[in-house]
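Mapping of the sequence shown onto my numbering: residues 28 to 336, in sequence order. Note that beta-carbon positions come from the ideal geometry of N, C-alpha and C, so glycine has one too. Here is the structure we will look at.
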Amino acid sequence: MSSKSWKILESLTSRINKSPMLSSAIESAAGHAQLQITNIQNIATKKYDTIVKHMPGTTIIQDLKAASLEPSTPIPRKLVDCWKWYQQLTGLEDVELAKRQMIIVQDKLFNCQDQRRGLTNEASSVAEKLKEIYSELIQTRREDPKYVQLTIMENKALREQSRIMSQMNFLENEERDYFTQLATSIKEYHDSQTMNAQKYKYLSILASAVIAIVSLGGSMIYNNKRIANVHKIIADGQEKNEILFRDHFSSLEKSVKGIGNLLTDLHKSPIEANDIPNTKSQENNNLTLFSSRTIILGSLCILLYLWNR
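In structure tokens form, the structure reads like this:
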């Protein structure tokens, strides 16, 4: 039983090897299967790279069902509006837009280059297949039915090659356009950065000038207020000193008047017989009266001098 199955398998393989159509169909099916397997492997590796991130010494696995991280405290709306206004004022918004445009064009260019590389690999495989067909055509006679099958395979390969070449030409033109767009977007990005730097420089100069003017005005107002307060304190002190001087002067004037009245009363009072002073006591009284009057007049002169100053 095993020998019969082995013979049947050998006969099938010999028939498949003899018929080029079956061999080409099997080869094409195997090639398509291999291509599908490689595509699945590439997709799986990409998904694995996105899910699993390798770091030195550790492996971080992302939880796809986990919710996206959100800030604990949301940013206030007014602060966001102020930041947007600052971006518009300084030109940061234009810089971000130019950067996004540059990244988009760059991704398109890389995708186009990847497609062109894939078509180049397909074209090389088709060229190898054509070489094999041409080698078999050289060795095969025209009367042989295999020759017709080889010509059909050659025609299919040539059509596939022309299709690949047309796609490659289209991709080359598209790649050239994307490269031009990338150069333009890079230039716009650099121009927007330069404009942002210029705006930031002029705005910083203007802000520093405004701050200097405001600080100078504030310092002048503060100094004027301090000077006014000092003048007010001096005026209040002078007024208090004048009031005190008037009070002391009036009290001194009253005391002088009282002393003068007392002296006049003593001068006009009658001298009793038992209290008749001698000449020496009268002279002493006159000297004391003169000295007291002199002191009073001197003090009055000093007060008047201070009052005039």
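- Do Y205 and L146 have their CB atoms nearer than 7 Å? Position 178 of the sequence shown, counted from the start, is the residue given in the question as residue 205. Position 119 of the sequence shown, counted from the start, is the residue given in the question as residue 146. Between Y205 and L146, the gap from beta carbon to beta carbon reaches 7 Å or more.
- Could you give the residue range of the alpha helix (DSSP H) that holds G118? Working through the sequence shown from its first residue, we reach residue 118 at position 91. No alpha helix (DSSP H) contains G118, which DSSP labels as neither H nor E.
- Query: In chain order, what residues of the same chain lie with their CB nearer than 8 Å to the CB of T117, ignoring the 5 residues before and after it?
  - Reply: For this step, residue 117 is matched to residue 90 along the sequence shown. So the qualifying residues of the chain are N223, K226, Y227 and L230.
- For the candidate residues Q220, L177, T178 and Q142, whose alpha-carbon lies nearest to that of M192? To locate residue 192, count along the sequence shown from 1; it is residue 165. Nearest of Q220, L177, T178 and Q142 to M192, Cα basis: Q142.
- Query: Between L177 and I160, is the Cβ-Cβ spacing less than 7 Å?
  - Reply: As a first step, residue 177 is located in the sequence shown; it is residue number 150 there, counting from the start. As a first step, residue 160 is located in the sequence shown; it is residue number 133 there, counting from the start. Against a cut-off of 7 Å, the Cβ pair of I160 and L177 comes out as a contact.
- Rounded to whole angstroms, how far is the Cβ of L202 from the Cβ of Q140, which I believe are closer than 8 Å? For the purposes of this step, residue 202 is identified with residue 175 of the sequence shown, where counting begins at 1. For the purposes of this step, residue 140 is identified with residue 113 of the sequence shown, where counting begins at 1. Rather than Leu, the amino acid found at residue 202 in this sequence is Glu. Right, the Cβ-Cβ distance comes to about 6 Å (below 8 Å), so this counts as a contact.
- Quick one: what does DSSP say P172 is sitting in, helix, strand or coil? One-based indexing of the sequence shown puts residue 172 at position 145. DSSP, read as helix, strand or coil, puts P172 in helix.
- Task: Kindly give me the distance between the Cβ atoms of M132 and L198, rounded to whole angstroms, as I take these residues to be in contact under 8 Å.
- Result: The sequence position of residue 132 within the sequence shown is 105, counting from 1. The sequence position of residue 198 within the sequence shown is 171, counting from 1. Note on residue identity: the sequence assigns Val, not Met, to residue 132. Their Cβ separation, rounded to whole angstroms, is 16 Å, which puts V132 and L198 out of contact at 8 Å.
- Message: Rounded to the nearest angstrom, what separates K307 and T291 at their Cα positions?
- Response: Counted from its first residue, the sequence shown places residue 307 at position 280. Counted from its first residue, the sequence shown places residue 291 at position 264. The predicted model places K307 with a pLDDT of 48, which falls under 50 and marks its position as unreliable, so this point remains unresolved.
- Do you know how far the Cα of Y174 is from the Cα of R168? In the sequence shown, counting from the first residue as 1, residue 168 sits at position 141. In the sequence shown, counting from the first residue as 1, residue 174 sits at position 147. Between R168 and Y174, the C-alpha separation is close to 7 Å.
- Task: State the Cα-Cα distance for the pair D108 and I102, rounded to the nearest angstrom.
- Result: For this step, residue 108 is matched to residue 81 along the sequence shown. For this step, residue 102 is matched to residue 75 along the sequence shown. Computed Cα separation, rounded: 10 Å.
- How close, in whole Å, do the beta carbons of M195 and A150 come, if the pair is a contact with beta carbons under 8 Å? For this step, residue 195 is matched to residue 168 along the sequence shown. For this step, residue 150 is matched to residue 123 along the sequence shown. Contact flag correct, Cβ pair sits at about 7 Å.
- Query: Roughly how many angstroms separate the alpha carbons of T261 and I270, rounded to a whole number?
  - Reply: Position 234 of the sequence shown holds residue 261. Position 243 of the sequence shown holds residue 270. Here the sequence assigns Ile to residue 261, which means Thr is not the residue at that position. Linking I261 to I270 through their CA atoms gives a straight-line distance of about 14 Å.
- Once you ignore the five residues that flank Q188 on each side, which residues in its own chain have a CB closer than 6 Å to its CB? Taking the first residue of the sequence shown as 1, we reach residue 188 at position 161. If we look at Q188 and ignore the five residues flanking it on each side, its Cβ neighbours are V153.
- Query: When DSSP labels each residue in this structure, what does I102 get in the three-state scheme?
  - Reply: Position 75 of the sequence shown, counted from the start, is the residue given in the question as residue 102. In the structure shown, I102 sits in coil (DSSP, three-state: anything other than H, G, I, E or B).
- Task: Could you tell me whether the Cβ atoms of E181 and A125 are closer together than 7 Å?
- Result: Here residue 181 refers to the residue found at position 154 when the sequence shown is read from its first residue. Here residue 125 refers to the residue found at position 98 when the sequence shown is read from its first residue. It is not a contact, given that the beta carbons lie outside the stated cut-off.
- Rounded to a whole number of angstroms, what is the C-alpha to C-alpha distance between I240 and I232? By 1-based counting over the sequence shown, the position of residue 240 is 213. By 1-based counting over the sequence shown, the position of residue 232 is 205. Taking the straight line joining both Cα atoms gives about 12 Å.
- Query: Under 7 Å, do D121 and S219 count as touching if we go by C-beta distance?
  - Reply: Counted from its first residue, the sequence shown places residue 121 at position 94. Counted from its first residue, the sequence shown places residue 219 at position 192. Cβ distance < 7 Å, so D121 and S219 count as in contact.
- Of the residues K281, V257 and H217, which one's Cα is nearest the Cα of R127? What you label residue 127 is simply residue 100 of the sequence shown in a count that begins at 1. Closest option to R127, Cα to Cα, is H217.
- Task: Look at the alpha carbon of Y113 and the alpha carbon of Y249, and state the distance between them as a whole number of angstroms.
- Result: Position 86 of the sequence shown, counted from the first residue, corresponds to residue 113. Position 222 of the sequence shown, counted from the first residue, corresponds to residue 249. C-alpha separation (whole angstroms): 32 Å.
- Task: Count the other CB atoms, across all protein chains shown, that sit within 10 Å of the CB of M129; report buried if there are 16 or more and exposed otherwise.
- Result: Residue mapping note: residue 129 aligns to position 102 of the sequence shown, counting from 1. M129 comes out buried.
- Item | CB of K158 within 7 Å of CB of A184, strictly | As a working note, residue 158 is residue 131 in the sequence shown. As a working note, residue 184 is residue 157 in the sequence shown. A184 is positioned such that its CB atom lies no closer than 7 Å to that of K158.
- Task: Whole angstroms is fine: what's the gap from S282's alpha carbon to H275's?
- Result: On the sequence shown, position 255 is the one that residue 282 refers to. On the sequence shown, position 248 is the one that residue 275 refers to. Rounded to the nearest whole angstrom, the C-alpha separation of S282 and H275 is 10 Å.
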